[in-house]
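Worksheet: the structure to be examined is printed underneath.
2 protein chains.
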Amino acid sequence: MTAEIVSVGTELLLGQIVDTHAALMARILAGCGIGCTRRSTIGDNLDRLVGTLKDSLSRADVVVTIGGLGPTIDDITRDAIAIALGDELEEVPEVAEKLRQFFAARNVRMADSNLRQAKKPTSGRQIDNPNGTAPGLICEKNGKVVVALPGPKGEFDPMATGPVRHFLEQLQGGQVIHSRVLRIVGMGESSVEEVIRHLMEAENPTVAPYAQPAEVHLRVTARAATREDADRMIDPVVEQIRAILGNHLYGFNDTTLEAATIDLLVQRGETVAVAESMSGGSLGARLTSVPGSSKAFLGGAIVYTVDTKRALLGISDELLAEHGPVSEEAATAMATAIREKLGATYGVAITGNAGPTADVDGKPVGLAYIGLATSEGATAERGQYRGIREDIQRRSTQTALNLLRNKILS
Amino acid sequence: MTAEIVSVGTELLLGQIVDTHAALMARILAGCGIGCTRRSTIGDNLDRLVGTLKDSLSRADVVVTIGGLGPTIDDITRDAIAIALGDELEEVPEVAEKLRQFFAARNVRMADSNLRQAKKPTSGRQIDNPNGTAPGLICEKNGKVVVALPGPKGEFDPMATGPVRHFLEQLQGGQVIHSRVLRIVGMGESSVEEVIRHLMEAENPTVAPYAQPAEVHLRVTARAATREDADRMIDPVVEQIRAILGNHLYGFNDTTLEAATIDLLVQRGETVAVAESMSGGSLGARLTSVPGSSKAFLGGAIVYTVDTKRALLGISDELLAEHGPVSEEAATAMATAIREKLGATYGVAITGNAGPTADVDGKPVGLAYIGLATSEGATAERGQYRGIREDIQRRSTQTALNLLRNKILS
Chain A
1 MTAEIVSVGT ELLLGQIVDT HAALMARILA GCGIGCTRRS TIGDNLDRLV GTLKDSLSRA
61 DVVVTIGGLG PTIDDITRDA IAIALGDELE EVPEVAEKLR QFFAARNVRM ADSNLRQAKK
121 PTSGRQIDNP NGTAPGLICE KNGKVVVALP GPKGEFDPMA TGPVRHFLEQ LQGGQVIHSR
181 VLRIVGMGES SVEEVIRHLM EAENPTVAPY AQPAEVHLRV TARAATREDA DRMIDPVVEQ
241 IRAILGNHLY GFNDTTLEAA TIDLLVQRGE TVAVAESMSG GSLGARLTSV PGSSKAFLGG
301 AIVYTVDTKR ALLGISDELL AEHGPVSEEA ATAMATAIRE KLGATYGVAI TGNAGPTADV
361 DGKPVGLAYI GLATSEGATA ERGQYRGIRE DIQRRSTQTA LNLLRNKILS
Chain B
1001 MTAEIVSVGT ELLLGQIVDT HAALMARILA GCGIGCTRRS TIGDNLDRLV GTLKDSLSRA
1061 DVVVTIGGLG PTIDDITRDA IAIALGDELE EVPEVAEKLR QFFAARNVRM ADSNLRQAKK
1121 PTSGRQIDNP NGTAPGLICE KNGKVVVALP GPKGEFDPMA TGPVRHFLEQ LQGGQVIHSR
1181 VLRIVGMGES SVEEVIRHLM EAENPTVAPY AQPAEVHLRV TARAATREDA DRMIDPVVEQ
1241 IRAILGNHLY GFNDTTLEAA TIDLLVQRGE TVAVAESMSG GSLGARLTSV PGSSKAFLGG
1301 AIVYTVDTKR ALLGISDELL AEHGPVSEEA ATAMATAIRE KLGATYGVAI TGNAGPTADV
1361 DGKPVGLAYI GLATSEGATA ERGQYRGIRE DIQRRSTQTA LNLLRNKILS
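Those protein sequences? They're chains A and B, same order as listed.
Sequential numbering from 1 applies to the first sequence in my numbering.
Sequential numbering from 1001 applies to the second sequence in my numbering.
Right, dumping it as structure tokens:
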């Protein structure tokens, strides 16, 4: 079974955005054992899109379109699919009603163009979109399949990895290529590769490292008749890797370091509070991005100036004058203060200089101290991070989470 | 003049890498005033690549290939171009000699396959590659042009932005396509389109809307002899849009809402402090992502539990018991408390339920109150957001920034 991906959008042809959706869709097709033989990108041009869809349908069993399902006149994918399949468009009354309710609930007048989203080609059915107003489409006609997904990332990702992946797996029904991602923190890519190189020579399952922002992912991939068989082949390889990497292996697949950390805290009935200077709230943001984090995350203080360090945490001007706000002493004082103030098991603090220039004290860009306080006292670790502001903030929160996690596990 | 881009590589069809090269090439073509009408991605398959090149040459004036120029048997682009153009491949003696010297200098035996890189189609010439062993190609035949670039990033980027861009500019003989992005907040895509639809019918400059997370972008694109001429054509269109959208238009090109807000505060010598419940620090994180934000952002409190609302902000248990933590009253009290505690011009607060389930008080997922305090008192706005946790948090911080911005401007 073969597939082609058709991405729709003039912004792609102008190079204004990079087509990460097509790469994700390609991985999903590969994971279902469907060979992707071509990707095409077309602007918001009806004739060209219809021509491309017809060409793709003449070659491949499955055509997946990405984008162009929204409410505006630029959104032509729905029309193009209907024309390419020789279908009419028909309105789905329940979806039209849902759209009317959506706008009514927000007290917003619905532009008529929104009703375009309630239409589907006659041979198709809609895929529910809980994250937006444009449903997806699955059309099956003359032994060919067209799947259409919306372009916004918050709608594309869940629809692609959820109902569309499921549909394609059913459709293929044969061999699967199944992967598990092992997430590793506190080691660089080449260090990881050095200790697991012997495992990278195997052909099934394969093991491949990928450098990610401030962590390393190992992808273990097996080919087998079913996903369950593949999992049984992957399990012993994962155990070998765990024996080598120990606590550096913190989670699997989509488990983030913040989720792994919250999970550990919840298991132990422990809590954490944060005091953030350089990271400006992003450690709190990472922790609260985890559903259910309120069981373990109490809150914190964003103390971006000397005055706020005193006002919110009671850090003395003397301490800051003596050691500077970017210092081991400031980091431990901040961690201790927020822990006591909020009555948390752990207090974590980040202070540093994210750039773009050396700070008033002359502390270099990328220098940070990460403080960790428990009932037994506080310590701080010095870090020197590279990259732009965003990288430095990310690496500092990654270090903070890993310090906390290692302390919980110790 | 039109162009198509053909990316070559099975790893692209498997989704193992994202095609950032094609996006860069698309921007270069746009910058040269050459309209890119299609992008195709083909695996390492000679027949399919030859067929695609012939199709592309039948439609476009210029075809740019990316990848597949290396020494291995997988590298088929050179052969495919020769076949598609009806050319033979011929060895360029100087390039063959350079390859021999390259390997000799490294004391490495040269595999014969490396000599493939010294070959070129008869109608073509090679582009020198100072960063690798595979030269690029420019072939001109029957009024059509094929440009071939190597895939490794360290070779592709300098060749694309250097000699290839220069060649394409010469080829086009002057015209450029230049865009400006207008960033709009507080209106949905279809509402924006409804009020500016008359501007979307023009052909030069064109106006096109794009939905982005919690905002809308309008791209105004002009074709002209020079970038300056294009800017002069874009200016009056931008003024028309500004007259229609007013303060909803907050910035241009890469200016984020947080950067526009910090900029306004710094201009006026004003400051802001935040109190975040549902958003967990992400409003602070957005504000501090802006270089130089310490001039206007003082800090804040992350108050994820009832206890922390009392401990850090002094919000009374009575108020929370009476109205609940997700309420207009809680939002205004939080905004007022953080403003006073940190001595800021503005206090901004976010409280709500980001999901995934209704909270203890039964407040629905996505419900939020955004509080704003000034010296004249505090108000709160109710919001009901859709999507996954991340979307809800994003939309709440977007609303908060927009409320703050409108207050500063009022």
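Using N, Cα and C, we set each Cβ at its ideal position, and we do this for glycine too.
Closer than 8 Å by C-beta to residue i: which residues in its own chain qualify, once you throw out the five before and the five after it? Chain order, please.
| i | result |
| --- | --- |
| B/Leu1319 | Glu1329, Ala1330, Ala1333 |
| A/Pro364 | Asn353, Ala358, Gln384 |
| A/Glu215 | Arg183, Ile184, Val185, Leu257, Gln398 |
| A/Ile76 | Val8, Asp44, Asn45, Leu46, Leu49, Gly68 |
| B/Leu1137 | Leu1069, Arg1078, Ile1081, Lys1120, Pro1121, Gly1124, Arg1125, Gln1126, Ile1127, Val1146, Val1147, Ala1148 |
| A/Leu249 | Leu182, Arg183, Ile184, Ile241, Arg242 |
Please check if any C-beta of chain A sits within less than 8 Å of the C-beta of residue i.
| i | result |
| --- | --- |
| B/Thr1332 | no |
| B/Val1195 | no |
| B/Pro983 | Here chain B covers residues 1001 to 1410 and nothing more, so residue 983 of chain B does not appear. |
| B/Gln1398 | no |
| B/Glu1189 | yes |
| B/Asp1047 | no |
| B/Ser1056 | no |
| B/Ala1222 | no |
| B/Arg1039 | yes |
| B/Ala1208 | yes |
| B/Leu1287 | yes |
Leaving out the 5 sequence neighbours to the left and right, which residues in its chain are closer than 7 Å to residue i when beta-carbon positions are compared?
| i | result |
| --- | --- |
| A/Gly314 | Ala337 |
| A/Ala82 | Glu88, Leu89, Pro121 |
| B/Ala1022 | Ile1005, Ser1007, Arg1039, Ile1066 |
| A/Leu13 | Thr41, Gly43 |
| A/Pro158 | Asn131 |
| A/Ala84 | Val50, Leu53, Lys54, Leu57 |
| A/Arg219 | Ser179, Val181, Ala208, Tyr210 |
Just to confirm my understanding: we take residue i, look at its own chain, exclude 5 residues before and 5 after, and list those with CB closer than 6 Å. What are they?
| i | result |
| --- | --- |
| A/Lys295 | Val266 |
| B/Thr1226 | none |
| A/Phe103 | Met110 |
| B/Ala1373 | Ala1335, Thr1336, Arg1339, Gly1347 |
Note the first and the last residue of the continuous alpha helix (DSSP H) segment covering residue i.
| i | result |
| --- | --- |
| B/Leu951 | Residue 951 of chain B lies beyond the residue range present for chain B, which begins at 1001 and ends at 1410; the question has no answer from this structure. |
| A/Lys98 | 93 to 105 |
| B/Leu1287 | 1282 to 1288 |
| A/Ser179 | A/Ser179 -> not in any alpha helix (DSSP H); beta strand (DSSP E) instead, spanning 176 to 184. |
| A/Gly31 | 20 to 31 |
Hey, quick one: how far does the beta strand (DSSP E) through residue i stretch, first residue to last?
| i | result |
| --- | --- |
| B/Glu1381 | 1377 to 1384 |
| B/Leu1014 | Note, B/Leu1014: premise wrong, no beta strand (DSSP E); not H, not E. |
| B/Ala1301 | 1297 to 1303 |
| A/Ser40 | 35 to 42 |
| B/Pro1163 | Careful: B/Pro1163 lies outside any beta strand (DSSP E) and carries neither H nor E. |
| B/Ile1370 | 1367 to 1374 |
| A/Lys120 | 119 to 121 |
| B/His1217 | 1215 to 1224 |
Is residue i close to chain B, meaning its C-beta is less than 8 Å from at least one C-beta of that chain?
| i | result |
| --- | --- |
| A/Asn402 | no |
| A/Ser294 | yes |
| A/Asn131 | yes |
| A/Glu11 | yes |
| A/Ile42 | yes |
| A/Gly284 | yes |
| A/Arg106 | yes |
| A/Leu298 | yes |
| A/Glu276 | yes |
| A/Gly352 | no |
| A/Leu265 | no |
| A/Leu218 | no |
| A/Pro163 | no |
Where the region 112 to 129 of chain A meets chain B: residues whose CB sits under 7 Å from a CB there: Within the region 112 to 129 of chain A, the residues whose Cβ lies closer than 7 Å to some Cβ of chain B are Ser113, Asn114, listed in chain order.
Three or more C-beta pairs under 8 Å: does that hold for the region 40 to 52 of chain A against the region 1037 to 1049 of chain B? A contact between stretches requires three or more CB pairs, one per stretch, nearer than 8 Å, and the region 40 to 52 of chain A meets this requirement with the region 1037 to 1049 of chain B.
Using a Cβ cut-off of 7 Å, which residues of the region 1141 to 1152 of chain B contact any Cβ in chain A, in chain order? Taken residue by residue, none of the region 1141 to 1152 of chain B has a beta-carbon sitting less than 7 Å from a beta-carbon on chain A.
Tell me which residues of the region 1301 to 1318 of chain B have at least one Cβ-Cβ distance to chain A shorter than 9 Å, keeping chain order. Residues passing the 9 Å Cβ filter: Ala1301, Ile1302, Val1303, Tyr1304, Thr1305, Asp1307, Thr1308, Lys1309, Ala1311, Leu1312.
Does the region 1268 to 1283 of chain B come close enough to the region 1193 to 1204 of chain B that 3 or more CB-CB pairs lie under 8 Å? Result no; under three Cβ-Cβ pairs closer than 8 Å.
Against chain A, which members of the region 1381 to 1395 of chain B pass a CB distance test of less than 8 Å? Taking 8 Å as the Cβ-Cβ cut-off against chain A, the residues of the region 1381 to 1395 of chain B that qualify are Gln1384, Arg1386, Gly1387, Ile1388, Arg1389, Glu1390, Asp1391, Gln1393.
Under 8 Å: do the region 1299 to 1311 of chain B and the region 301 to 308 of chain A share three or more Cβ pairs, one atom per stretch? Segments in contact, yes.
Chain B contacts from the region 321 to 345 of chain A (Cβ-Cβ distance under 8 Å): Residues Lys341, Leu342, Gly343.
Of the residues that make up the region 71 to 82 of chain A, which ones have a beta carbon closer than 9 Å to any beta carbon in chain B? Within the region 71 to 82 of chain A, the qualifying residues are Pro71, Thr72, Ile73, Asp74.
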